[in-house]
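Numbering (my numbering), first residue to last: 311 to 515.
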């Protein structure tokens, strides 16, 4: 038995399980165990994602999500990391030093939005998927313009989508509480939190 390959396969199975059996980004950009090892060997720091909690609400419950500022620490196209990409329409994965985007986690879907170069408004990534692996947050989307590692960028989250996710996230907690009040012992088996719907899986005696 090749123990190195065995351990790599085991780690990949854990990553797939954490992502609901999907690749890091279902449309084609993947952060497998080898990509993660490469990032760590290069000394790329994990993403600081505390900015995803940085929002305010007014007296009527309307949320405001501030724009974020970050630096690009890695770019992935296909199955390799690149220092620069300048092909309009290309699908790429962007890893930042920090982010305000919420990555898919715990049954809650990811944020969408835009990553824009602070040097040129003509450079923009339309973010359509956000996943996290070993602390690295991968923002996947299609590029218009030119993007380089170490570029400073502006981050804008789709507030309407995030608000729908937040409301349905809260609703799962309310539903869980109500079920326990009515049925007694309830065991949560899973959940799906999307902007337009939610699903709560449970068993009860």
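Cβ coordinates follow ideal geometry from the N, Cα and C atoms, glycine included.
Straight through space, the alpha carbons of residue 427 and residue 397 are spaced by roughly 15 Å.
In this structure the segment 471-485 does not lie against the segment 441-457, because fewer than three pairs of beta carbons, one per stretch, are closer than 8 Å.
Between residue 382 and residue 401, the gap from beta carbon to beta carbon reaches 8 Å or more. Residue 395 sits close to residue 457, with the two beta carbons spaced by under 8 Å. With distances taken between CA atoms, residue 514 lies nearest to 493 out of 501, 505, 379, 493. Under the three-state reduction of DSSP, residue 411 is assigned to coil, being neither helix nor strand.
Secondary structure of residue 341 (DSSP, three-state): coil. The Cβ atoms of residue 385 and residue 459 lie closer than 8 Å to each other.
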